[in-house]
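Numbered according to numbering that gives the first Met the number 0, the sequence shown spans residues 0 to 169.
Presented below is the structure to which this report refers.
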Amino acid sequence: MLRIDDYDRLIRRGMKVGSDVDIQHGVVFDFSHCWLIDIEDSVTIAPFAYLLAHDASTKRALGYTVIGRVRICRGAFIGARAVIMPGVTVGEGAVVAAGSVVTKDVPAGAIVGGNPAKVIGSTEEQLARHAELMKQRPNFDVSWTEHGGIDAGMKEEMRSRLADGKGYLV
Numbered sequence: 000m001l002r003i004d005d006y007d008r009l010i011r012r013g014m015k016v017g018s019d020v021d022i023q024h025g026v027v028f029d030f031s032h033c034w035l036i037d038i039e040d041s042v043t044i045a046p047f048a049y050l051l052a053h054d055a056s057t058k059r060a061l062g063y064t065v066i067g068r069v070r071i072c073r074g075a076f077i078g079a080r081a082v083i084m085p086g087v088t089v090g091e092g093a094v095v096a097a098g099s100v101v102t103k104d105v106p107a108g109a110i111v112g113g114n115p116a117k118v119i120g121s122t123e124e125q126l127a128r129h130a131e132l133m134k135q136r137p138n139f140d141v142s143w144t145e146h147g148g149i150d151a152g153m154k155e156e157m158r159s160r161l162a163d164g165k166g167y168l169v
């Protein structure tokens, strides 16, 4: 296994990565079979996710390791600590919830979660629900972030405004 620190080595060894891809801290790629991993454009992979192109659980009993391509399609989101197993395609615009173990293909536009991951909704429904909630819940601009210079008073105000639920940050 290889961590994102060696990202360039993965590319040189054959992993395919599109443009506008956000691979966050601690993501682990299967270095030993990285040429079987394809990440399309506009994908986000959250911290400490694993993308595995091999499964050695059969090696001792059968003398063979299972291998398979991993394809993360355009606009997909892989949540923190999710595990994508060999032979899986995550469809266009799909969302894999944090902590999920994905053993089967994820349809385009689906939201999956759990172990093993199952369809729990659609991105279309989720976006519509959040669009409505954004009208009712607190919204914060970039000044409410560490990068934007949030101060102690703003932090307390944000905590107070979010005491009864969620809000939204630009």
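Glycine included, each C-beta is placed from N, C-alpha and C at the ideal position.
It should be emphasised that the depicted structure is a prediction, and the values quoted were computed from it without experimental measurement.
State the DSSP-derived secondary structure class of G147, mapped to helix, strand or coil.
-> Taking the first residue of the sequence shown as 1, we reach residue 147 at position 148. Correct three-state label for G147: coil.
Bounding residues of the alpha helix (DSSP H) (the contiguous stretch that carries K165) | On the sequence shown, residue 165 is found 166 positions in, with the first residue counted as 1. Careful: K165 lies outside any alpha helix (DSSP H) and carries neither H nor E.
Unbroken beta strand (DSSP E) run spanning A116, endpoints = The residue labelled residue 116 in the question sits at position 117 within the sequence shown. Taken as a continuous stretch (DSSP letters only), the beta strand (DSSP E) holding A116 covers 116-121.
Note down the Cα distance separating E131 from D163, rounded to an integer number of angstroms.
-> Here the question's residue 131 lines up with position 132 in the sequence shown. Here the question's residue 163 lines up with position 164 in the sequence shown. When rounded, the distance between both Cα atoms is 17 Å.
Would you check if there are 3 or more beta carbon pairs closer than 8 Å linking the segment 68-77 to the segment 43-59?
-> yes
Status (buried if at least 16 other CB within 10 Å, exposed otherwise) for M0 | For the purposes of this step, residue 0 is identified with residue 1 of the sequence shown, where counting begins at 1. Annotation note: pLDDT 46 at M0 (below 50); position unreliable, coordinate value reported separately. Exposed, since its Cβ has fewer than 16 Cβ neighbours within 10 Å.
Can you tell me the Cα-Cα spacing of L161 and T64, whole angstroms?
-> On the sequence shown, position 162 is the one that residue 161 refers to. On the sequence shown, position 65 is the one that residue 64 refers to. So the alpha carbons of these two residues sit roughly 48 Å apart.
Give the secondary structure of T88 by DSSP, where H, G and I count as helix, E and B as strand, and everything else as coil.
-> By 1-based counting over the sequence shown, the position of residue 88 is 89. Correct three-state label for T88: strand.
Using CA coordinates, which residue listed in T57, G86, L168, A81 is at the minimum distance from P137?
-> Within the sequence shown, numbered from 1, the residue matching residue 137 stands at position 138. Of the candidates T57, G86, L168, A81, the one whose C-alpha sits nearest the C-alpha of P137 is L168.
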